[in-house]
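For reference, the structure is listed below as structure tokens.
Numbering (mature numbering (1 follows the signal peptide of the UniProt record, and there is no 0)), first residue to last: -21 to -1, 1 to 244.
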């Protein structure tokens, strides 16, 4: 295997597994078309949720891309195994979108610790497709993603707290299990290998189908005792199933480290 910079290996960790014969599972691909939401007209901005692939040296890894109403964005990367999306890390940053062009110069790869800087340049058709390039430490990684179908996820519908209330068997990036219970108020808590995790998950003020998230780590033996991450969460129906997936992603205040929890039920 060719030697790569540490940060690029983080973004393409699951890609490298594929290149070496590991990994596996189904490939959902990037849908064509897209949701126009409740208005019947596509939005002019890039905002929405997209599924697709990122590619380097003819080997691909799976991604989910969320662009918010203020052009902040998250790109989750990992592998589709069966119907589940196994998250390996994420990019996060502030972007700009205008007349089909999207870019970001302050994004970071939170698959690394500390997070590594990246830039993103893309073109998009609103609520249909986003195609572009991620530049990370001299490597150019291409990606393309299509909007999730309306049967999986309606970005323009208000986030529904009832869709996430109850028990979830979530997983960290390191593979450790984090069982949590989410209450009707959006508070959640759980314990993972002696580390307490708590926080809140509440509908975003934009009225879109996105939750705002705060994740707090307890004292030792937590890896980051007293740590606090803020970010977003989405929940959607896995393609071709009735199974629901939940993904939470956030960063600390200095944007040097990120937290991801994901699972299905």
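Glycine included, C-beta positions come from ideal geometry on N, C-alpha and C.
Residue burial classification, residue i (beta-carbon count within 10 angstroms, cutoff 16)
i	result
residue 88	buried
residue 73	exposed
residue 173	exposed
residue 32	buried
residue 247	Look at the range of the chain in this structure, -21 to 244, and you will see that residue 247 is not part of it.
residue 199	exposed
residue 235	exposed
residue 41	buried
residue 188	buried
residue 242	buried
residue 238	buried
residue 101	buried
residue 184	exposed
residue 222	exposed
residue 39	buried
residue 230	buried
residue 146	exposed
residue 79	exposed
residue 271	Summary: the structure shown does not reach residue 271, with the chain confined to residues -21 through 244, and so no result is reported for it.
Beta-bridge pairing of residue i - partner residues as DSSP gives them
i	result
residue 192	180, 210
residue 71	53, 87
residue 144	For residue 144, which the question treats as bridged, DSSP gives no partner whatsoever.
residue 59	64
residue 185	In DSSP, residue 185 forms no bridge with anything.
residue 224	215, 243
residue 77	80
residue 41	32, 57
residue 27	46
residue 197	Looking at the DSSP assignment, residue 197 forms no beta bridge with any residue, so it has no partner.
residue 171	174
Cβ distance (whole Å) where residue i is taken to contact residue j below 8 Å
i	j	result
residue 168	residue 159	6 Å
residue 149	residue 240	4 Å
residue 71	residue 99	Not confirmed; about 11 Å, so no contact.
residue 178	residue 192	7 Å
Residue-level contact to chain C via CB, residue i, 8 Å cutoff
i	result
residue 109	Looking at the structure shown, chain C is missing, and only one protein chain is on hand.
Close Cβ partners of residue i (< 6 Å) along its chain, the five nearest in sequence each way excluded
i	result
residue 25	46, 76, 81, 103
residue 203	196
residue 217	62, 224
residue 136	188
residue 209	193, 229
residue 139	none
residue 119	112
residue 85	72, 73
residue 201	174
Neighbourhood of residue i by C-beta, 8 Å cutoff - its chain only, sequence neighbours within 5 removed
i	result
residue 226	43, 55, 64, 66, 212, 213, 214, 239, 240, 241
residue 144	161, 162, 163
residue 92	235, 236
residue 48	24, 26, 185, 187
residue 142	214, 223
Nonlocal neighbours in the same chain, by C-beta distance under 7 Å from residue i, ignoring five residues either side
i	result
residue 220	62
Residue ranges of each beta strand (DSSP E) run of no fewer than 3 residues wholly in the segment 87 to 164, ordered along the chain? 95 to 104, 108 to 115, 118 to 126, 145 to 150, 156 to 161
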